[in-house]
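First up is the structure itself, then whatever we jot down about it.
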Amino acid sequence: MIRKKNKMKVKFAHISDVHLGAWRNELINELGYKAFEKTVNTIIEENVDFVIISGDLYDVSNPKVDVVDLAIRELKKLRDNHIPVYGIMGSHDFSPSNKSMIRLLITAGLFINVSKGDITDNNKLKLEFTEDPQTKIKITGLRARKRSLEIEDFEILDRVILEKESGIKIFIFHTLISELKPIEYKDMESAPKSLLPLNFTYYAGGHMHKTVPDKVRKNERSHKIDNKTKIIYPGGLYPVNFRELEQYQYGGFCIISGEIDIPSESSELEVKYIAIKVKEAVPLYIDCNNKSLPQVEDILEETIQSTEFTDKIVTIRMVGTLTSGKTYKIKSDEIKQKIMDKGAYEVLLNKTALSTKEYAPINVLVGKTNQEIEETLIHEHAQKIDIKNLTKKDVENKIHELLTVLGKEREEEMRVRDYNEYLEENFKRIFQLEEE
Ligand SMILES: [Mn+2]
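Just so you know, we're using my numbering here: the sequence shown kicks off at 1 and counts up by one.
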C-alpha cells in the first residue's frame, strides 16, 4: 500500500471453499491441508493487505481437533504478518445454533466475521460494514445457511443502505448467482443477480467449486476487473471429492491488485488466479462399453503397464455396459495394489457408471402404486441373485426385511450408539450371522 495523492495501491487475496478435512481418505486430506499451508505461505510472500474467505473454510461446522488446530496455526501466521482475514461462514461450516468451530477463530481474532447485522422491525436485514484499517476498504457480506436458505435473507436485504454507503466496498457471499451458473450446476439452488446490492467494487463469491469466470483460471495472467466482471468465484482451494479431483486435479485462489481512489470512489483493479498444485493427479477413464470382463481386464493391465504413476494420485473411472460378467467381479483391490506397486501416492476407483447386460435394468409398468413397484423390483432382482443355501423366495423376503429395518429412522431421543446396535442386531438376524 503506497499512497500517491489520492491513489493508493492495494492488494488482497480471495480464497473460497477450502473444505479442510473433506475426505474420508486421510492421505488425500493431507493434500488439502498442504494446499492451505501453501496458500498462506504464498499470501505472505505476496505481501497482501488482507485476505477474504468466502465461506466453507471447514467441511463441517464441527471439524475434528486436527483441522481446527491447522486452521489456527495457518491463520495465526497471517496475523503474525499483520494480514487481517475477513470472511463469512459457508453452507458447510455454518451452524444454525451458533456452534460452528469458526467461532473459535473469530474469538481469537484470527477471522473477522463481516456478516454482521440485524433484522429491523419492518423485516429488513441491515448489514454493517467492517472497515479495513489500512486500506479503508469497507467490507460486508452475507453468510450462507444450509441448503441455500440464505437466499431468503437476500430477499429481505436492505440493499439501499449498502448501495448508499460511500467509499470502496467489497461484498462477500456464498451463494450461486443464476446468471453465472455453469451448466453442471444447473440443478443447484441459486439467486438472481438482482438480489446483490449494487455499487460495490468487488464481489467475492463462494460456494461454486469451479472458477467463474472460466478465463481467470484457464489463463493465468491478470484480468482487468470492470463492471461486467467484478463478481468472481475463485472455486475450491482443493478438490473435495472424486469428481472434482478427476475434473479439476487442483484448485487455487485469486489475488486482486491495483489502485483505488477513495474520494472519487474509483478503482483500477485486476485479478490473477494462483494455482495451488500439491500433487499431480492422473485421471484415467476405462471405456467398458460392449466389452467382456476379460477384455476390460486386458485394457486395465495395458493402461497400468504404460502409465507413469510415481507419487501421483490416480483416479480410475470405469464406464459403460459390459457384455457379460458381473461388475463386482472386477477386483478393485488388485487393480489398486498394482498401481500402488508402481509408486502411486493413492488410487481411487469409481464404478458407479459401470453396468452389465447380465443385470439389465428392469422395466416397471406405469400406473402402479409405489408399493407395487417396489414389490416388482425386489421380485425381479431376487431372481438374478444367487446366494448359497437361499431360495429366490428367501432372497426376496430378506430384501423386504432389510428395507423395513433401514426404513426406520433414528428418533431424535435415540442415541446414535443405540441406533447402530439396533441396525447391527437386525442385520445379524436377517443374514443369520453369528459372532465368532
Ligand atoms: Mn463449498
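Yeah, the Cβ is synthetic: ideal placement off N, Cα and C, and Gly gets one too. Bear in mind the structure is a predicted one, so any value in this text is a computation, not a measurement.
Close Cβ partners of residue i (< 7 Å) along its chain, the five nearest in sequence each way excluded
i    : result
E244 : H209 and G236
G343 : F309, T310 and D311
L110 : I72, L75, K76, R79 and V85
N289 : G320 and T321
V141 : Note that residue 141 is Gly in the sequence shown here, rather than Val. Taken in chain order, the residues that qualify are I88, V114, S115, F171, I172 and F173.
K398 : I430
F12  : V48, D49, F50, V51, I52 and I256
Y185 : L176 and M208
Contacting residues, own chain, Cβ-Cβ under 8 Å from residue i (five flanking each side not counted)
i    : result
K357 : T321, L322, T323 and S324
I119 : L125, K126 and I156
Cβ-based neighbour list, residue i, same chain, cut-off 6 Å, excluding 5 preceding and 5 following
i    : result
S178 : S190 and P192
Q249 : A281
I316 : L284 and L349
H381 : none
R217 : T211 and Y273
F154 : A191 and L195
R410 : Y419
Y233 : G205, M208 and V212
V240 : H19 and A22
Buried or exposed by the 16-neighbour rule on C-beta atoms within 10 Å, applied to residue i
i    : result
K169 : buried
V18  : buried
I156 : exposed
I387 : exposed
H14  : buried
G407 : exposed
P263 : exposed
N219 : exposed
P182 : exposed
Y202 : buried
I139 : buried
I231 : buried
R145 : buried
S100 : buried
S267 : buried
L104 : exposed
L57  : buried
V65  : exposed
Beta-bridge pairing of residue i - partner residues as DSSP gives them
i    : result
Y203 : F171 and I231
P283 : T315
T140 : F171
L157 : L125
G320 : L354
G117 : L127
I255 : A13 and K272
V296 : None, per the DSSP bridge assignment.
S266 : D261
K224 : E270
CB of residue i within 8 Å of CB of residue j, strictly
i    : j    : result
M414 : I260 : no
G167 : E265 : yes
N199 : E163 : yes
I335 : L293 : no
K279 : Y345 : yes
V60  : I83  : no
L20  : V67  : yes
S314 : I339 : Checking the displayed sequence, the identity of residue 314 turns out to be Val instead of Ser. The answer is yes: Cβ separation under 8 Å.
G206 : G90  : yes
I225 : L176 : no
S16  : I43  : no
N426 : V405 : yes
Contact test: residue i Cβ vs ligand 2 heavy atom, cutoff 7 Å
i    : result
G407 : Although ligand 2 was asked about, the structure shown includes only ligand 1 as ligands.
8 Å Cβ cutoff, residue i in contact with chain C
i   : result
N25 : You won't find chain C in this structure, because it holds only one protein chain.
| message | At 3 residues or longer, what runs of the beta strand (DSSP E) sit wholly inside the segment 85–114? | response | DSSP runs (the beta strand (DSSP E)) wholly in the segment 85–114: 85–87.
| request: Could you pull out every unbroken alpha helix (DSSP H) segment of at least 4 residues lying fully inside the segment 384–409, listed in chain order? | output: If you keep only unbroken alpha helix (DSSP H) runs of at least 4 residues inside the segment 384–409, you get 392–407.
| Uninterrupted alpha helix (DSSP H) stretches inside the segment 20–88 (no shorter than 4 residues) | 26–46 and 65–80, all fully within the segment 20–88.
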